[in-house]
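Asker: Next up is a structure, given as structure tokens.
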Amino acid sequence: MDYSLEVQQRFHSPQGAGEFAEGTPGLVTGEAEDRTLNVWVRVQIQVVGTVIRSVRFRVFGCPHMMAAAGWVAEALQGRESNALRELDMHEIRKTLDTPLEKLGKLLVLEDALQACWQAHNVLAQGQKGS
Amino acid sequence: MDYSLEVQQRFHSPQGAGEFAEGTPGLVTGEAEDRTLNVWVRVQIQVVGTVIRSVRFRVFGCPHMMAAAGWVAEALQGRESNALRELDMHEIRKTLDTPLEKLGKLLVLEDALQACWQAHNVLAQGQKGS
Amino acid sequence: MTKQTIYLDYAATTPVDPAVAVAMRECLEPDGIFANPSSSHSGGQAARQRVEEAREQIAARVGAPADTISFTSGATESDNLAIQGVMLAHRDRGRHLITSRMEHKAVLDTAAAMERQGFEVTYLDSDSEGLIAPDQVAEAIKDDTTLVSIMHVNNETGVVQDIAAIGECCRSRGVLLHVDAAQSIGKVPVSLDQWAVDLVALTAHKTYGPKGIGALYVRPGTKLAPLIYGGDQEGSIRPGTLATHQIVGMGQAYELADTEREAPALTVKRDRLWAGLSVIEGVRLNGHPTQRSPHVLNVVFPGVDGESLRLGIAEIAVSAGAACNSAAPEASHVLSALGLSDALASSSQRFSVGRFTDAAEIDYTIERVTAEVARLRELAGGAPAWCAN
Amino acid sequence: MTKQTIYLDYAATTPVDPAVAVAMRECLEPDGIFANPSSSHSGGQAARQRVEEAREQIAARVGAPADTISFTSGATESDNLAIQGVMLAHRDRGRHLITSRMEHKAVLDTAAAMERQGFEVTYLDSDSEGLIAPDQVAEAIKDDTTLVSIMHVNNETGVVQDIAAIGECCRSRGVLLHVDAAQSIGKVPVSLDQWAVDLVALTAHKTYGPKGIGALYVRPGTKLAPLIYGGDQEGSIRPGTLATHQIVGMGQAYELADTEREAPALTVKRDRLWAGLSVIEGVRLNGHPTQRSPHVLNVVFPGVDGESLRLGIAEIAVSAGAACNSAAPEASHVLSALGLSDALASSSQRFSVGRFTDAAEIDYTIERVTAEVARLRELAGGAPAWCAN
Ligand SMILES: Cc1ncc(COP(=O)(O)O)c(C=O)c1O
Ligand SMILES: Cc1ncc(COP(=O)(O)O)c(C=O)c1O
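Right, dumping it as structure tokens:
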């Protein structure tokens with residue numbers, strides 16, 4: 000298995016790995032897994048208004064999975080929250096120069112982002128409601 | 000194919016190769032061949048009384064065949080003529096350290112010696128007769 | 000391969016020992032022993048002599064007469080020649096083959112090919128430590144069983160089967176036994192003078208010899224159909240121009256591979272590595288704790304993705320439990336056979352030490368693995384239980 | 000082999016070119032490219048890269064894309080894989096194989112094995128100069144013909160078949176063509192970009208590469224059943240750990256084997272030898288006078304037993320028309336196919352020149368052969384006519 004330089008770099012120093020401190024405001028969390036592929040990922044997003052302030056993640060999986068999570072965390076920073084729906088894993092796979100057979104794993108990351116998106120909407124509704 | 004030193008030596012300098020001069024007294028000739036084995040041999044013997052004085056041979060065949068002819072020529076020298084019948088090619092094969100599959104060829108040499116023996120007897124009868 | 004990297008993948012292949020390289024070199028020089036060993040001229044005879052000397056060296060190492068050793072291109076071919084050759088030559092006598100689920104692909108894929116050709120194959124399961132009980136073999140033998148094929152040293156776990164006992168039960172039932180001993184030489188004794196074994200697959204490149212040369216031991220009188228045809232070399236069992244330099248290299252390598260001298264040294268290295276790794280939280284050894292070869296250590300690091308760990312310690316050459324480096328990690332068939340979950344199988348690493356492994360390399364490896372395991376577990380913090388079970 | 004001997008048996012095998020030995024050496028050093036090309040770590044990747052570079056070198060030499068080249072243990076295995084592999088994979092489509100009587104044993108013995116397995120084989124006869132006419136092939140093709148196997152350069156006579164034309168007639172009839180090109184590289188161009196050929200057997204050791212490594216060219220889409228199983232190497236056509244040093248050596252050897260540069264030099268050497276030998280009374284050339292490879296000269300010395308001539312010039316390594324060195328000299332099947340009597344066949348010698356043959360060696364050979372022929376004819380004086388006809 001050979002890895003693109005970006006994958007190696009993001010694997011060795013994964014920006015955005017970890018969690019937010021307890022009680023950080025505007026947090027939503029999304030989690031997804033695929034046991035057949037041996038991957039699990041949890042993504043935390045801090046949204047202020049409709050803007051993503053910052054992202055944190057945890058991953059059990061291969062280097063490509065970690066690099067993709069790190070890439071996403073960086074890419075989402077400062078974007079409108081609906082960017083959560085718009086990230087295209089096919090694009091990200093190409094950007095990171097990751098083998099096609101890894102796409103299945105990246106889609107698990109997409110699931111986690113979707114979960115964030117839904118959680119965020121619920122939260123948003125709640126806030127409107129109040 | 001590897002050859003015993005004696006075979007090599009007798010092949011490179013074959014004592015007794017050739018013919019007797021025309022009209023040498025007491026000459027008998029025996030010839031034999033086996034086309035399937037690609038061998039031909041002719042043996043000439045000079046017998047004085049009942050004693051073999053000297054032997055000459057010609058061979059078309061492999062090195063073992065040449066060595067055997069040379070060995071026989073030397074061995075017969077000075078022997079009683081009935082030695083012609085007594086030479087055992089199995090023994091000679093062992094003496095010359097020649098592979099078993101060569102025995103067939105050596106037996107062609109034996110045939111030539113037999114032919115000499117018969118020719119010699121005819122000659123002997125003739126001499127008695129006169 | 001840069002000098003900076005640490006090589007702990009001796010079970011995959013070994014470097015050629017310098018003494019072996021020297022022996023081979025003579026056959027690779029313009030005025031050296033290069034002629035065709037089948038040629039009848041003096042050059043050919045000289046090459047033939049080297050070939051026969053090497054055959055003696057190899058035979059001596061496994062306790063067999065020289066004329067029972069035929070050269071092949073490696074253990075893969077030897078396994079195929081043994082299994083296909085025996086099953087085809089005895090097809091009228093019986094069509095049943097017995098093997099195990101932990102065999103190398105060279106045996107498993109050949110068994111599968113035999114099945115496609117209408118032969119019947121029984122696959123034995125090992126216990127959770129990777130051992131096959133001789134009784135299992137005995138029970139599986141049927142009237143039409145022709146051959147049993149069981150490996151000696153497993154290439155992923157290092158587990159050693161009791162070939163002597165398995166041989167007895169095959170012999171007593173009149174069934175032939177083939178043993179894949181590709182991993183054994185120089186690590187675990189192969190004693191064909193004591194074992195009731197009929198065929199043995201050997202290779203050079205796991206024992207500091209060259210790649211692309213191996214041998215098959217065939218007990219005299221064992222009927223075998225050749226895989227390839229075309230000349231009288233190796234008693235027509237295996238034609239083709241004999242590769243003198245390769246054969247000389249294998250002979251030299253086997254001459255050097257004195258188990259009594261090498262095994263203790265390997266054990267010290269392996270145990271030093273295990274002493275360091277075993278203190279990492281949750282690590283477990285795959286395979287039998289004692290009945291195993293001194294050169295292999297197969298370790299599971301629960302909760303740590305194997306591929307990530309290997310990249311994390313990229314300067315250290317180790318391999319997955321499975322040699323398979325594809326992305327959807329079909330878990331090692333060997334580790335699955337031990338009952339490991341997919342997650343644990345793919346969290347396993349095979350470390351294999353060798354003649355040139357030194358203590359500093361081992362200590363460095365312990366330090367790096369310990370650190371990387373901690374880092375990856377941190378990155379996977381909060382992961383569900385299945386990731387580590 | 001002592002320096003004193005003169006080597007004129009390049010058709011049997013060649014010494015490894017020093018440049019090839021150097022390339023191989025790097026893979027035989029402890030810190031060299033020794034890892035398993037199938038390993039995913041950096042060492043494995045480095046080895047894999049060398050393997051692929053060599054594949055490119057070999058492919059370029061025969062005018063084929065790299066991915067059509069699979070590595071084997073030599074031309075014997077390649078011939079077997081081509082013939083057995085195609086006949087078995089297409090057994091439902093047809094069971095008829097066409098080959099010639101002058102093929103190498105690797106082909107003839109395989110064809111015989113196919114016959115034993117119920118396939119039908121047609122053996123084409125050459126004309127008295129060793130040529131197969133494309134028409135003969137066309138006429139032999141039947142509805143159930145699957146494969147034609149014709150060699151390019153004959154190893155005993157050097158006669159070169161018109162593969163381009165034979166390929167056309169096979170292609171036009173939808174029949175696959177396998178070509179044994181073991182002797183060709185560096186002597187006669189192999190142009191797979193122009194020939195309608197489906198499989199080609201190659202070997203390294205006839206072209207200054209190492210023994211025990213060869214390759215099979217397989218045109219994309221050609222169905223082939225493997226001979227051995229056990230791993231995904233070489234697209235599962237041929238599993239087993241790739242022998243990096245051997246493959247690198249073959250690649251380097253093929254890179255060096257530039258026919259345009261080498262063939263003219265060989266021709267000069269061969270013609271110098273023939274100019275000297277042809278004045279000996281009664282000598283004749285075996286095989287076609289012009290349509291032949293520059294490296295082989297097969298000469299009959301009527302009335303001179305071949306084995307005796309070879310011992311007479313023992314310091315010169317040549318070989319019988321037949322490689323067979325057994326005592327009851329079953330004549331070379333190739334020379335018999337040319338119509339020679341047993342006597343003449345066994346009075347034939349194959350001289351083959353190579354890259355390292357020099358003029359002094361040739362002149363010495365002419366002198367010694369001339370003298371020894373005279374001596375042996377003298378010793379056989381008075382022999383009957385059949386000895387020389
Ligand atoms: C147990 C076992 N059998 C067979 C083989 C195949 O050996 P080779 O690479 O010589 O074909 C190997 C190694 O690859 C092995 O470890
Ligand atoms: C024409 C031909 N085919 C096949 C072979 C066999 O090649 P290898 O020795 O590589 O198996 C040879 C040489 O031995 C040959 O000359």
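Chains as they are written, first to last, in numbering that gives the first Met the number 0: chain A, 0 to 129; chain B, 0 to 129; chain C, 0 to 388; chain D, 0 to 388. Glycine included, C-beta positions come from ideal geometry on N, C-alpha and C. Predicted model only: the values in this text are computed from it and were never measured.
Classify His95(C) as helix, strand or coil using the three-state DSSP reduction.
Answerer: Here His95(C) sits in strand by DSSP.
Asker: What is the DSSP secondary structure of Asp257(C), counted as helix, strand or coil?
Answerer: Of the three classes helix, strand and coil, the one that applies to Asp257(C) here is coil, per DSSP.
Asker: Kindly indicate if chain C contains any beta-carbon less than 8 Å away from that of Val58(A).
Answerer: For Val58(A), the answer is yes, since a Cβ of chain C falls inside 8 Å of its Cβ.
Asker: Indicate whether at least one CB of chain D lies closer than 8 Å to the CB of Ala16(B).
Answerer: Cβ-Cβ to chain D under 8 Å: yes for Ala16(B).
Asker: Using a Cβ-Cβ cutoff of 7 Å, what residues of the stretch 65 to 94 of chain D are near chain C? List them in chain order.
Answerer: The stretch 65 to 94 of chain D vs chain C, Cβ under 7 Å: Ser72, Gly73, Thr75, Glu76, Asp78 and Asn79.
Asker: Would you list the residues sitting across from Asp8(D) in a DSSP beta bridge?
Answerer: Ser351(D), per the DSSP bridge assignment.
Asker: For Asn35(D), tell me which candidate among Glu233(D), Arg47(D) and Ala379(D) has the shortest Cα-Cα distance.
Answerer: Of Glu233(D), Arg47(D) and Ala379(D), the residue nearest in Cα terms is Arg47(D).
Asker: Are at least three pairs of beta-carbons, each pair with one atom in the stretch 72 to 85 of chain D and one in the stretch 338 to 350 of chain C, less than 8 Å apart?
Answerer: Taking 8 Å as the limit for Cβ pairs, the verdict is that the stretch 338 to 350 of chain C does not touch the stretch 72 to 85 of chain D.
Asker: Note down, in chain order, each residue of its chain lying with its Cβ closer than 7 Å to the Cβ of Ala67(A), except the 5 sequence neighbours on either side.
Answerer: Ile91, Leu95, Leu105 and Leu108.
Asker: Any beta carbon from chain C within less than 8 Å of Glu32(A)'s own beta carbon?
Answerer: By this cut-off, Glu32(A) is an interface position.
Asker: Quick check on Ile32(D): does DSSP put it in helix, strand or coil?
Answerer: If DSSP states are grouped into helix, strand and coil, Ile32(D) belongs with coil.
Asker: If you measure from the CB of Ala105(D), is any heavy atom of ligand 2 nearer than 7 Å?
Answerer: Ala105(D) Cβ: within cutoff of ligand 2.
Asker: Anything in chain A within Cβ reach of Gly381(C), meaning under 7 Å, just list it in chain order.
Answerer: Ordered by position in chain A, the residues that pass the 7 Å Cβ test against Gly381(C) are Arg41 and Arg57.
Asker: From what residue to what residue does the beta strand (DSSP E) around Val54(B) run?
Answerer: It spans Val50 to Phe59 - the beta strand (DSSP E) in which Val54(B) sits, taken as one unbroken run.
Asker: Where does Asn388(D) land, buried or exposed, given buried means 16+ other C-beta within 10 angstroms?
Answerer: So Asn388(D) counts as exposed.
Asker: Report the residues of the stretch 298 to 314 of chain C with a CB closer than 9 Å to any CB of chain A, ordered along the chain.
Answerer: Result list: Gly302, Val303, Asp304, Gly305, Glu306, Ser307, Arg309, Leu310, Gly311 and Ala313.
Asker: Determine the direct distance from the alpha carbon of Val106(D) to that of Gly185(C), and round the result to whole angstroms.
Answerer: The alpha-carbon atoms of Gly185(C) and Val106(D) are separated by roughly 39 Å.
Asker: So that I know if they touch, is there some Cβ in chain E lying closer than 8 Å to that of Phe350(D)?
Answerer: Judged by its chain identifiers, the structure shown contains no chain E, and its protein chains are A, B, C and D.
Asker: Quick one: which chain D residues come within Cβ less than 8 Å of Met65(B)?
Answerer: The contacting residues are Ser307 and Leu378.
Asker: Taking the Cβ atom as the reference point for each residue, do Ala81(D) and Ala200(D) lie within a distance shorter than 8 Å?
Answerer: Against a cut-off of 8 Å, the Cβ pair of Ala200(D) and Ala81(D) comes out as a contact.
Asker: Nearest CA to the CA of Tyr228(D): which residue from Gln116(D), Arg291(D) and Ile236(D)?
Answerer: Ranking the options by Cα distance to Tyr228(D), first place goes to Ile236(D).
Asker: Spatial neighbours of Ser335(D) within its chain, please: C-beta separation below 7 Å, excluding the five flanking residues on both sides.
Answerer: Excluding residues within five positions, the ones whose Cβ falls inside 7 Å are Ala344.
Asker: On the DSSP letters alone, give me the boundaries of the beta strand (DSSP E) that Tyr216(C) sits inside.
Answerer: Run containing Tyr216(C): Gly213 to Val217, per the beta strand (DSSP E) assignment.
Asker: With a floor of 4 residues, list each alpha helix (DSSP H) that falls wholly inside the stretch 77 to 161 of chain C, ordered by position along the chain.
Answerer: Whole alpha helix (DSSP H) segments, 4+ residues: 104 to 115 and 133 to 139.
Asker: How many Å lie between Gln135(D) and His95(D) at the Cα?
Answerer: One C-alpha to the other measures close to 15 Å.
Asker: Excluding the 5 residues flanking Ser197(D) on each side, which residues of the same chain have their C-beta closer than 6 Å to its C-beta?
Answerer: Correcting the residue identity first, residue 197(D) is Asp in this sequence and not Ser. Cβ neighbours of Asp197(D) beyond the five flanking positions: Leu175, Leu176, Arg218 and Thr221.
Asker: Find out if the Cβ-Cβ distance for the pair Leu86(B), Cys115(B) is shorter than 8 Å.
Answerer: Against a cut-off of 8 Å, the Cβ pair of Cys115(B) and Leu86(B) comes out as no contact.
Asker: From the beta carbon of Gly230(C), is the nearest beta carbon of chain D less than 8 Å away?
Answerer: Gly230(C) counts as touching chain D.
Asker: Would you list, in sequence order, the uninterrupted beta strand (DSSP E) runs of no fewer than 3 residues that lie entirely inside the stretch 250 to 323 of chain D?
Answerer: For the stretch 250 to 323 of chain D, whole beta strand (DSSP E) runs of length 3 or above, ordered along the chain, are 295 to 299.
Asker: So does Gln182(C) have its beta carbon nearer than 7 Å to some heavy atom of ligand 1?
Answerer: Within the cutoff, so yes.
Asker: At the level of alpha carbons, what is the spacing between Lys101(A) and His63(A)?
Answerer: Going by the C-alpha atoms only, they are around 8 Å apart.
Asker: Does the beta-carbon of Thr206(C), which I'm using as the reference point, lie nearer than 7 Å to any heavy atom of ligand 1?
Answerer: Thr206(C): no, Cβ never under 7 Å from ligand 1.
Asker: If the cut-off is 7 Å on Cβ atoms, which residues from the stretch 135 to 161 of chain C count as contacting chain D, listed in chain order?
Answerer: Within the stretch 135 to 161 of chain C, no residue qualifies.
Asker: Looking at the C-beta of Ala61(B), does it have a partner C-beta in chain D at a distance below 8 Å?
Answerer: The question names Ala, but residue 61(B) is Cys in the sequence shown. Output row for Cys61(B): interface = yes.
Asker: For a cutoff of 8 Å on Cβ pairs, would you count Asp8(C) as touching chain A?
Answerer: Output row for Asp8(C): interface = no.
Asker: What are the boundary residues of the alpha helix (DSSP H) that includes Val27(A)?
Answerer: Unbroken run through Val27(A) is the beta strand (DSSP E), Leu26 to Asp33; no alpha helix (DSSP H).
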